[in-house]
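Residues are numbered in the numbering used here as their position in the sequence shown, beginning at 1, plus a constant of 306.
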Amino acid sequence: MFVSNLCVWEPPAEDLSASPKLEWTEPIFRRRLSQLTKMTVQVAHDLFEGGNVGKDTKIVFLSFRGELEREFKVNKTLIQEDSILPAAFSLSVFNAAAAQATIALGLKGGYSCVFPSQGNFKDGILSAAAPVLAETEERVALIYADENVPDYYKEFLKGPNEPLAFAALLSSQKINNGIELNIKDIPRSPQEFIQRFKK
Numbered sequence: 307m308f309v310s311n312l313c314v315w316e317p318p319a320e321d322l323s324a325s326p327k328l329e330w331t332e333p334i335f336r337r338r339l340s341q342l343t344k345m346t347v348q349v350a351h352d353l354f355e356g357g358n359v360g361k362d363t364k365i366v367f368l369s370f371r372g373e374l375e376r377e378f379k380v381n382k383t384l385i386q387e388d389s390i391l392p393a394a395f396s397l398s399v400f401n402a403a404a405a406q407a408t409i410a411l412g413l414k415g416g417y418s419c420v421f422p423s424q425g426n427f428k429d430g431i432l433s434a435a436a437p438v439l440a441e442t443e444e445r446v447a448l449i450y451a452d453e454n455v456p457d458y459y460k461e462f463l464k465g466p467n468e469p470l471a472f473a474a475l476l477s478s479q480k481i482n483n484g485i486e487l488n489i490k491d492i493p494r495s496p497q498e499f500i501q502r503f504k505k
């Protein structure tokens, strides 16, 4: 299996809550999106628009935390007011980021969302790679994203707070700048994955 077309977006070290501007989208679309979703939409855009990846390519979205801040706000509202707004709920669910990326880019291949248990990045990559390894798909778009951890969750954080998003193409054949990925030697973290497959 090969990895190609790696696209990365991460906020600057001095402002870990920063988000991509998404100036190519309509203001009404982007104004309510979280950092996680904006990063996801940006790297999906860079992969599909910049890498000549077909819009019918299936997506596998990985995240360790999902819409952490939005989910906290929804839960807080539910406790305090005993109700939540449908729009707030729909943007807080785990698949919200992948769904918004498909809407923004008009993608038609469908998506799956994977929460790697106990922070096991290797399991997430294997889930994404499964259709390629099983030869049911020639290529799959892998998207990973995790947002800045809010202060009220930092005491529970295991490991560093490193908001980051990347997208890459997993394929059965070498494409462009593809680098072979041995499934016995999958990087243990998103950061290691980026270092391994950077151009």
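For each residue, glycine too, the CB sits at the ideal point set by N, CA and C.
Residue environment, residue i, which counts as buried when at least 16 other CB atoms sit within 10 Å
i, result
"Asn358", "exposed"
"Thr442", "exposed"
"Gly344", "The sequence given here places Lys at residue 344; Gly does not occur at that position. Lys344 should be labelled buried."
"Asp362", "exposed"
"Phe335", "exposed"
"Asp321", "exposed"
"Gly430", "buried"
"Pro469", "buried"
"Phe462", "exposed"
"Pro496", "buried"
"Ala319", "exposed"
Alpha carbon of residue i to alpha carbon of residue j, nearest angstrom
i, j, result
"Phe395", "Glu316", "Caution applies to Phe395, whose pLDDT of 45 falls short of 50 and renders its modelled position unreliable; the value that the coordinates give is listed next. Computed Cα separation, rounded: 26 Å."
"Ser423", "Leu312", "24 Å"
"Asn502", "Gly465", "The amino acid occupying residue 502 in the given sequence is Arg; Asn does not appear at that position. Going from the Cα of Arg502 to the Cα of Gly465 covers about 20 Å."
"Pro512", "Lys490", "It is not possible to answer for residue 512, since the shown part of the chain is limited to 307 through 505."
"Ser477", "Leu413", "18 Å"
"Ala440", "Asp457", "42 Å"
"Arg494", "Tyr417", "23 Å"
"Leu342", "Asn482", "28 Å"
"Glu453", "Lys480", "31 Å"
"Lys428", "Ser340", "26 Å"
"Ser323", "Ile365", "25 Å"
"Ser369", "Ala405", "14 Å"
"Met307", "Arg445", "9 Å"
"Phe499", "Ile492", "8 Å"
Among the options, nearest to residue i - alpha-carbon criterion
i, options, result
"Ser310", "Ala474, Val446, Pro496", "Ala474"
"Val455", "Thr331, Gly372, Leu328", "Gly372"
Contiguous alpha helix (DSSP H) assignments of at least 4 residues, all confined to the stretch 425-451: 427-439
Quick check on the DSSP output: what are the complete alpha helix (DSSP H) runs of length 4 or more inside the stretch 464-501, in order along the chain? none
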